[in-house]
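There are 2 protein chains.
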Amino acid sequence: MDKTPTRDTGSSRERTRAALIETGLRLFGQYGFDATSTRMIAAEAKANIGSIAYHFGGKEGLRDACAQHIVGMVQGVATPLLAAAATAAKDRDAATALLHRVLDRMIRFIVADPQAGLVVQFVLREMTLPTPALDIVYAGVFEPVHRTLCELWAGATGAEPESEATRIDVFTMIGQVVYFRVGREAVLRRMEWQAIGPEEASAIVAAARRNLDAAIAARRKDRP
Amino acid sequence: MDKTPTRDTGSSRERTRAALIETGLRLFGQYGFDATSTRMIAAEAKANIGSIAYHFGGKEGLRDACAQHIVGMVQGVATPLLAAAATAAKDRDAATALLHRVLDRMIRFIVADPQAGLVVQFVLREMTLPTPALDIVYAGVFEPVHRTLCELWAGATGAEPESEATRIDVFTMIGQVVYFRVGREAVLRRMEWQAIGPEEASAIVAAARRNLDAAIAARRKDRP
DNA sequence: GACATAAAATCAAACGTTTGATTAAATTGG
DNA sequence: CCAATTTAATCAAACGTTTGATTTTATGTC
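Note that the protein sequences, when read in sequence, are chains A and B. Residue numbering for the first sequence follows this note's numbering, starting at 5 and increasing by one per position. Residue numbering for the second sequence follows this note's numbering, starting at 5 and increasing by one per position.
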């Protein structure tokens with residue numbers, strides 16, 4: 005079937021690499037980079053310790069590979085949305101509607117999706133102590149996503165896309181979402197939730213949606 | 005002068021303990037618990053390595069002591085505000101005004117105060133992997149502060165203080181603030197700021213204030 | 001008040017364990 | 001058979017903790 009007898013997804017090499025990246029992403033996100041030992045990763049990935057050095061040059065190389073993996077993942081799901089934004093940004097109602105859709109997706113992704121939760125945790129940990137891995141994620145995810153959201157925000161409110169106020173406004177909208185992941189432990193206790201699943205995410209979406217509408221309306225007033 | 009020749013604040017015991025807690029707080033917050041070695045702490049605190057085990061029973065004991073220290077600090081500055089909330093919550097305008105004041109203080113504290121930044125970082129790190137230290141901070145800071153903000157929120161909007169919607173709404177207001185600390189690195193790059201100082205904090209305050217007013221107004225509409 | 005005793009705190013050194021990395025040999029697949 | 005990959009063994013360095021000796025501070029006795 006394939007030109008190459010060992011497809012990328014099936015070769016021993018790629019299977020080992022994928023297992024290490026996947027496990028590294030999970031453990032780095034779960035326990036942090038320093039608290040995760042290479043032995044732990046190798047054991048859970050059913051690979052040898054030496055594999056990490058062989059394939060990635062070392063523990064830090066694996067972290068970079070994890071960051072690259074995240075960029076690929078997010079781009080896969082975000083690209084269609086970002087593409088739609090280019091045209092939607094020209095129309096107020098379309099921009100507002102798309103903002104709602106993106107916010108809805110983001111919340112359920114960041115807050116409730118267990119698979120994505122590990123990705124978010126990984127990135128948040130990188131954020132507190134920047135490494136080359138953060139550069140990769142910032143350039144590949146943060147910057148393009150935030151920029152697009154600014155365009156939508158500008159389309160919905162009439163503000164300038166790259167003005168300081170717009171960029172800050174978009175950060176506040178993102179922030180109110182991210183906190184439910186960052187402060188998850190405090191949220192769970194205060195809300196008396198056992199977990200943040202689909203139902204809880206819906207309650208969060210409802211609140212964020214009200215905030216979004218209110219914020220847009222307040223900005224819109226100034227510019228008729 | 006003193007009844008006791010060695011006062012608590014001056015005794016060798018208390019000086020050593022205080023130095024270790026202060027340094028521990030800073031380094032744990034800066035690098036994380038696992039990435040901070042006891043040797044690092046002892047060296048920076050100008051104390052002996054054995055002192056940590058002697059005074060706190062070990063590295064984890066020092067972390068608990070740091071958490072307790074945070075509770076004492078925050079209670080010192082927050083108590084007056086929380087007391088004022090009890091009466092302000094009865095009046096819509098007073099509640100709204102106090103919410104504004106608290107939000108203003110919180111933002112400048114969380115986002116720009118370098119001293120407090122270490123405290124915030126320490127807590128955020130604990131949040132991602134709960135330890136007994138988090139229990140201490142949650143019970144001593146998070147729960148009482150969030151509960152009080154809910155009362156104010158209810159006073160300003162007319163909602164029920166302990167309803168699910170109110171508790172979530174308050175979390176979204178906190179979240180839009182905290183993100184500027186959590187995602188500081190991304191914010192700095194995207195905003196092209198060198199640091200988040202008083203001026204940058206003011207810009208954030210302005211955005212958060214608009215969001216707060218808009219959110220309250222939107223909720224108020226429903227209940228005349 | 002001076003001296004002797006007890007208690008508390010500090011210190012440098014060493015403990016056993018675990019860390020990430022490296023090596024050379026064994027295994028695998030084309 | 002050869003190159004790529006995996007494996008097990010080994011390395012020095014760093015980890016948190018423990019130790020016994022020493023110094024500092026507090027208490028008791030006359």
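Where a beta carbon is used, it is the ideal one built from N, C-alpha and C, also for glycine.
*Would the C-beta of residue 41 of chain B count as close to the ligand NAD, meaning under 7 Å from any of its heavy atoms?*
The model on display carries no ligand, and the ligand NAD is accordingly not part of it.
*Is the beta carbon of residue 27 of chain A sitting closer than 8 Å to the one on residue 45 of chain A?*
With respect to the 8 Å criterion, residue 27 of chain A and residue 45 of chain A are classified as neighbours on the basis of their beta carbons.
*Just the Cα atoms here: how many angstroms apart are residue 100 of chain A and residue 41 of chain A?*
Counting only the Cα atoms, residue 41 of chain A lies some 46 Å from residue 100 of chain A.
*residue 35 of chain B - containing alpha helix (DSSP H), residue span*: Start and end: 16-35.
*Would residue 74 of chain B pass as a contact of residue 32 of chain B if the rule is Cβ separation under 8 Å?*
No, the pair does not count as a contact, with Cβ atoms beyond the cut-off.
_The alpha helix (DSSP H) that contains residue 118 of chain A, what's its start and end?_
Run containing residue 118 of chain A: 118-132, per the alpha helix (DSSP H) assignment.
*To the nearest whole angstrom, what separates the beta carbons of residue 161 of chain B and residue 105 of chain B, a pair I think is in contact under 8 Å?*
Their Cβ separation, rounded to whole angstroms, is 17 Å, which puts residue 161 of chain B and residue 105 of chain B out of contact at 8 Å.
*Return the chain-ordered list of same chain residues with a C-beta closer than 7 Å to the C-beta of residue 215 of chain A, the five sequence neighbours on each side being excluded.*
The residues 180, in chain order, have a CB closer than 7 Å to that of residue 215 of chain A in the same chain once the five nearest residues on each side in sequence are set aside.
*What's the gap between the Cα of residue 82 of chain B and the Cα of residue 176 of chain A?*
Each residue's Cα considered, the two are about 24 Å apart.
*asked:* For a quick check, are the C-beta atoms of residue 189 of chain A and residue 138 of chain B less than 8 Å apart?
replied: Yes; because the gap between Cβ atoms is below 8 Å, this pair is in contact.
*Helix, strand or coil for residue 84 of chain B, going by three-state DSSP, please let me know.*
Secondary structure at residue 84 of chain B: helix, using DSSP grouped into helix, strand and coil.
*asked:* Output needed in chain order: residues of the segment 34-49 of chain B with a Cβ under 7 Å from some Cβ in chain A.
replied: Near chain A, meaning a CB-to-CB distance below 7 Å, the residues of the segment 34-49 of chain B are 35, 36, 38, 39.
*Based on Cα-Cα distance, which residue from B:136, B:157, B:60 lies nearest to residue 95 of chain B?*
The shortest C-alpha separation from residue 95 of chain B is found at B:157.
*Could you name the residues of the segment 138-168 of chain B whose beta carbon sits closer than 7 Å to any beta carbon of chain A, in the order they occur along the chain?*
Going along the segment 138-168 of chain B in chain order, one finds 138, 142, 146, 147, 150, 168 with a Cβ nearer than 7 Å to chain A.
*Check whether the Cβ of residue 209 of chain A lies closer than 8 Å to any Cβ atom in chain B.*
It does not; no Cβ of chain B falls within 8 Å.
*In the DSSP assignment, find the unbroken alpha helix (DSSP H) run with residue 197 of chain A in it and report its ends.*
Looking at the DSSP string, residue 197 of chain A is not in any alpha helix (DSSP H), and its letter there is neither H nor E.
*What number of angstroms, rounded off, separates the C-alpha of residue 159 of chain B from the C-alpha of residue 219 of chain B?*
Going by the C-alpha atoms only, they are around 14 Å apart.
*Taking the alpha-carbon positions, what's the residue 87 of chain A to residue 132 of chain B distance?*
Going by the C-alpha atoms only, they are around 33 Å apart.
*Interface positions of the segment 169-184 of chain B facing chain A (Cβ-Cβ less than 8 Å), listed along the chain*: Cβ contacts with chain A: 169, 171, 172, 173, 175, 176, 177, 178, 179, 180, 181, 182, 183, 184.
_For residue 195 of chain B, would you say it is in contact with chain A, using Cβ-to-Cβ distances shorter than 8 Å as the test?_
It does: the Cβ of residue 195 of chain B has a partner Cβ on chain A nearer than 8 Å.
*Excluding the five sequence neighbours on either side, which residues of its own chain have a C-beta within less than 6 Å of the C-beta of residue 71 of chain A, listed in chain order?*
Within the same chain, residue 71 of chain A has close Cβ partners 137, 140, 141.
*Provide the residue span of the alpha helix (DSSP H) that contains residue 179 of chain B, from first to last.*
For residue 179 of chain B, the uninterrupted alpha helix (DSSP H) segment begins and ends at 168-186.
*Taking residue 108 of chain A as part of the alpha helix (DSSP H), name the residues at either end of that continuous run.*
Annotation for residue 108 of chain A: the continuous alpha helix (DSSP H) segment containing it runs 96-111.
*Go to residue 136 of chain A, then tell me how far its alpha helix (DSSP H) extends in each direction, as first and last residue.*
Per DSSP, residue 136 of chain A belongs to the alpha helix (DSSP H) from 136-141.
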